[in-house]
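Structure first, then comments.
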Amino acid sequence: MTPTDKVDYIDLDGDTQDLEDIHVIDDISPTSTNGQKRRNRASNSSDILPTKKRVAVKDVIADSIARMALSFEEFIRADTKNLDPIEVYAEVQVVLGLSKNKQLKHVLG
């Protein structure tokens, strides 16, 4: 190593050091392949997360969406139970192309 070459150091041994306290000394030249490899590896977050954890996150999101949809359906059902059939019939009549039988079917539901 020549005196002009410097190496990046990160102190990971300190117990009181948080992620926001980590400082990287960046004196690597742009043509240095070692620095570029380190940067590329650190920027790829998919290498860090295990596959099982990503599947678990997707399941949690899917479950949350299903619960929200069910809650929304229950809200709509509770809100529409109090509708007056005459008001519903008036709204259904506005829809073009519905026969009288289809209109009554939607009103009586």
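When we follow the UniProt record's numbering, the leftmost residue of the sequence shown carries the number 1, and every step to the right adds one.
Idealized CB from N, CA, C, for every residue including glycine.
Given the structure is predicted, the values throughout are model-derived calculations rather than measurements.
Residue j beta carbon less than 8 Å from that of residue i
i, j, result
"residue 95", "residue 107", "no"
"residue 98", "residue 92", "yes"
Local conformation of residue i per DSSP, three classes
i, result
"residue 82", "coil"
"residue 64", "helix"
"residue 71", "helix"
"residue 95", "coil"
Top-ranked residue by Cα proximity to residue i, from the options
i, options, result
"residue 90", "77, 104 and 78", "104"
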